[in-house]
Amino acid sequence: MSMEINEQHKRQFLSDMELMGLKEALLDGYYDVLATGKQISVSWREYSDFGDHRVLYEPELRLDDSGLPYLYGYTATLLETHPIHHGIYEQIDTWQLEAILREGKWVSDAVLFSQLYAQITELSVCGNSRAKDIAQRLEARYWLGTTVDRFVNGIELRRKFGRTHFFSCDQQELSNLTVTHAYNLLSGRPVLRFSKGQGVRSSRGWIGLKRLRQPIVIGQQLHWFQEKGYPDFGPGPLIQHLPFKNPLQWYSDLRLVGGLMEGNMVSAPLIIEGKERLCSIAVEAEYNRARVFDEQGIEMDVPYLLTQTAKIREEKEEKPSTRKKPIGRKL
């Protein structure tokens, strides 16, 4: 009977890990190692990419009071490597070098990896500080967390580009915090969390990470953030006056609203200087502000966008009626 219960718990556990975005191939075996008492904890490393950003994760599994494995928490490290200001150094075009790294064929091509490694090494030792910085950014973004990270100075790269926080899944409001939530929080965007209270679902409020001026040392890692609640925060007042193509989109678009609740950067068409442009919108609780980026990822001036909204409203109010006036005398 107990074996059947464990198998049921194992299926649920593996399903929960998948929903959280953890994709370690050996999770099934890790569960068995813990459940059979061979170890009291298991940890591993993996990563997820979000555009130009990479986040390194170090989850830890433990046994609960019933002897069943559960996710105790995970350390997440955001690598702040971009933007990269490319150039040509020692006849090496770093923009082209990154394009090859991004393509990823080097993962299964040892010869190509050796060639890339030689070029990055050349950039690192050529004596040009900019070239060395580019080399380190490329190493951190594309090689940390992979099977080839033993070829780079992981400690130095994490200290230079990494921003780390430990997410404790023992806390109720953080118990199902996905790897995407962690990325959003590390990027400065809050998420709306809920907790169960006596049979009803009650809002827990917005939580975020406040960046510390100086990191603190926990164990052997630097930690850059402090968890913080924002009970009075709400994105509505920050975005409702943006020049949306649909004036009520900020309120009625469930994709946009739901995305902001998850801490995502969401896309929406805005009318700027009379033209429709697809922009990305984010909100930050710590500074109580909205941020808007154009199609190329360049941040736009929000006060200027608000003037566009006012201009659109004025034009609508001043636009003369197109209905033809009747000709002749009114009887």
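Each residue of the sequence shown is one higher than the last, beginning at 242 in my numbering. Quick reminder that beta carbons are idealized off the backbone N, C-alpha and C, glycines included.
Between residue 532 and the set 514, 516, 507 and 549, the nearest pair of CA atoms involves 507. Taking a cut-off of 8 Å on C-beta distances, the region 289-304 touches the region 259-275, as three or more cross pairs fall below it. Sixteen is the threshold: when 16 or more other Cβ atoms of the shown chains lie within 10 Å of the Cβ of residue 384, as they do, the residue is buried. Counting other Cβ atoms within 10 Å of its Cβ, residue 447 reaches 16 or more and is therefore classed as buried. It is roughly 5 Å from the alpha-carbon of residue 361 to the alpha-carbon of residue 376. Annotation: the continuous beta strand (DSSP E) that includes residue 403 extends over 403-409. The C-alpha of residue 465 is placed about 21 Å away from the C-alpha of residue 433.
One thing to note: residue 319 has its Cβ within 8 Å of the Cβ of residue 294.
Taking 8 Å as the cut-off, the beta carbon of residue 322 is found no closer than this to the beta carbon of residue 328.
Distance from residue 451 to residue 527 at the Cβ level is roughly 6 Å; contact confirmed, criterion being Cβ atoms closer than 8 Å. Residue 477 and residue 492 have their C-alpha atoms some 8 Å from each other. The shortest C-alpha to C-alpha distance from residue 250 to any of 266, 307, 382 and 279 is the one to 307. Residue 371 and residue 394 have their alpha carbons spaced roughly 18 Å apart.
Taking each of 456, 483 and 489 in turn and checking the Cα distance to residue 403, the smallest one comes out for 456.
Residue 352 sits in a helix when the DSSP states are folded into three classes. In the structure shown, the three-state DSSP call for residue 299 is strand. Under DSSP, residue 525 shares a beta bridge with 530. Taken atom to atom, the span from the alpha-carbon of residue 316 to that of residue 333 is near 36 Å.
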